[in-house]
Structure formats: C-alpha cells, structure tokens
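Working notes for the structure below.
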Amino acid sequence: MRDRAADLLLDWYDRHARDLPWRARPGAPLPDPYHVWLSEVMLQQTTVAAVIPYFEKFTTRWPDVAALAAAPEDEVMAAWAGLGYYSRARNLVKAARELSRSGGFPTTEAELRKLPGLGDYTAAAIAAIAFERRALVVDANVERVIARLFAIEEPLPGAKKAIRAALDTITPERRAGDFAQAMMDLGSSLCRARDAQCLLCPWQAICAAREAGDPVRLPVKAAKKAKPTRAGTAFWIERDGAVWLVQRPGKGMLGGMRALPDDGWSARGDGSGVAPVAGAWRAGGVVRHSFTHFHLEMGLAVHAGAKPVPAGDGEWWPLDRLDEAGLPTLFAKAAALALAER
DNA sequence: TACACGTGGTC
DNA sequence: TGACCAAGTGT
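The numbers in the UniProt record's numbering rise by one with no breaks, and the one at position 108 of the first sequence is 108.
Printed below as a string of structure tokens:
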C-alpha cells in the first residue's frame, strides 16, 4: 500500500503541482529554507491567495533571516497588518533572532519544533520541504484526504491520532517535500471540504470513502459552539491633522498592534463605554466585524471638542500617513469610516 | 482538552 | 446572510 499510494500521488504531483512563489524554481534542488519557513508561518490558517502578496512584500523588504532579525519588531508587525493572527509576526521576529544567533536553520523536525511559532505541523513541513526529511506533515488538507482515503469515521479532533497512524503507512522515504506538498495540493484542488473531484483523483481506485459512495461526508467534525456578539466603542481623537493611536498590549486580541483607543471590549464581554479623554463626543457609525470566536459591533465615537489631550500612552499619527500605521482590519475599517464622513 | 486567536472568500 | 472554511500554535 505504501509505495502504491505514494507513487500514484507523486506521479500526479509531477503533472499538476501548483507554481507558488515559495516553491523551488525549476532546476533548483531545494527551496530556500527562509522562504519555506516564512510561507509556512503565513499559511497557518490562511489561504494561499491571501499570503502571496505578503510573502512578496516580506521577501523583498527582508530577503533573508539576517535582514528579518535586524528589523525593528514594530515594523514587522505593521507589515503583517491585515493578515491576522498577529502573534505569528511577533514569533517570527523572535525566531529570526534565534536563528541569526545560532547560525542558521536546524534541519531536523525536533530542533525546528523548538522555535517559537513552529508547532507540529510547521516543524514537519519545513523538515520535509526544505531538508527532505521524512516527516508526518498533517494539516487540515491532510486530515481530510487521509480520513477519506482510509474511511476514518471517528470525528475530529479525536481522530488525529488515527489519521497520523494512517498517514505513516503511506509516507515514503523518498521525495519527502514533494509528498507533503502533493498531499496539500490534492486536498486544496481535488479533495476539497465541500466537493470531491474523484474522477480526476490519482487515488480514485484505492479510496475507501469513494468506494463507500459519499466521500464528502468525511471527515466528521465535532459541533462548534455558538459565537457571542459583543459591543464596544473605539474613539477617534483628532488634532492638527493627526489622530491619536495607541499600541495594544503584547498578548491577547490584536496583541502588539497599533489601534484606535477603545473601551476594553473583548471576547468575554462588552466594553465599558469610558473614553480616554473627557469632552463632547458624537456618534460616528458602527463597524461590524467577526472574529473566530465572537462577533463585535464596535461603535465609533468622534471627539467633538478642540485640542483634546488623551490620558495614557499613545502617539499623534499624521492622517496623511495613516496607511503606514499598520492598523489591523477592524481599526482600518473604523478609520475609513471616520475619514469618509469628515 | 478546550479555548483564544484574524481575516476574507464561499455558498 | 450567517456559518463554514483555510498550509495551526500557544496556553
């Protein structure tokens, strides 16, 4: 089974591999480990289409690990703005500095796993793709493909152990990187969550879920909890052609990012409504935004007085350079709303 | 283990 | 249009 399945998949990959900016150029033996690492971190829970422009921006601005290690953290955070899961950017800088200090990338899965931001998936992916180490590379694509190939009925996340064991039986010793990427390409192009193109699949003759007749039913997933809706306020404070921005705490929601001051809304509860400066406020509209685990209705309050002096740390950011502030999408929406009605 | 953690596209 | 989904990690 091992060699048969792997051969079918690798033959398919030789004909249908996607051309992606972080993959090795034709003729090159292996891709740049820096490119593999950067792309894999960006791709965590993030679509290829969303990643490509960020990958190009990062590799142009910081062409290697040493350049990224030397970059000020807040510049990296601002460059990451809009991509989401901002702890990835903070860990990226931390890992770059560790790599720079230690003289480069480790080549084993176990050593890679110690770097901040590298979990089981990413460490295995880099070991396989950048260093041709045999590894069990398990992402959502692989879980889906394996659950179908072996007709694993146990619901996720409980089925993870069985999926790893099944994957182990078909993972070859050779072409580790191609095999891992072929699994993910198969999952994203043919064996998709809501749609399985079995007639085009290299495994159509050996797939247990196809044999059973309803591959899209798998994998079974545990029911998800309902998302609460929270309410909060962000405050637009303007003075002399600049707006007051704060830096959010390093941990938690939008950690370390520049933002408009707000009233402390969170996934756990509504904001207090308390403004960072006294005075007259007028309503500036509402921004609706959905996070992974809650919905937010964030009202925008616009300071209507003259020369306000906010309490606490922050900075006056010139309005004509607001696009360089690196606001996460929620606050970029709020700023666009404020600017549209001025 | 279960939950916190972003965003944009899809149906 | 709201829920699901996408190359997961940290706690």
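Glycine included, every Cβ here is placed at the ideal spot set by N, Cα and C.
Note: M298 is bridge-paired with G232, V287 in the DSSP secondary-structure output. Rounded to the nearest angstrom, the gap between the Cα atoms of A234 and A332 is 12 Å.
Taking a 10 Å sphere around the C-beta of P261, we find 16 or more other C-beta atoms and assign the residue as buried.
With a cutoff of 8 Å on beta-carbon distance, V142 and A125 are scored as not near each other.
Annotation: the stretch 123–181 contains no complete segment of the beta strand (DSSP E) (minimum length 3 residues).
Annotation for A212: the continuous alpha helix (DSSP H) segment containing it runs 208–212. Here the stretch 148–157 makes no contact with the stretch 113–130; the two share fewer than three CB pairs at distances below 8 Å.
In the three-state DSSP reduction, E341 falls in the coil class, being neither helix nor strand.
Runs of the alpha helix (DSSP H) spanning 4 or more residues and lying entirely within the stretch 23–86 occur at 33–42, 48–61, 65–70, 73–80, in chain order. The bridge partners DSSP lists for L245 are E315. Between the alpha carbons of L118 and L322 lies a gap of roughly 32 Å. Excluding five sequence positions before and after K94, the CB atoms of its chain that fall closer than 8 Å to its own CB belong to P116, G117, given in chain order. In this structure, P31 lies near W22, with their beta-carbon atoms less than 8 Å apart. Inter-segment contact for the stretch 225–233 and the stretch 294–311 is present: three or more beta-carbon pairs are separated by less than 8 Å. Non-local beta-carbon contacts of V41 in its own chain, meaning distances under 7 Å to residues more than five positions away in sequence, involve R88, L92, G117, T122 in chain order. As far as DSSP is concerned, A226 takes part in no beta bridge.
Between R258 and the set T108, D313, H16, Q44, the nearest pair of CA atoms involves D313.
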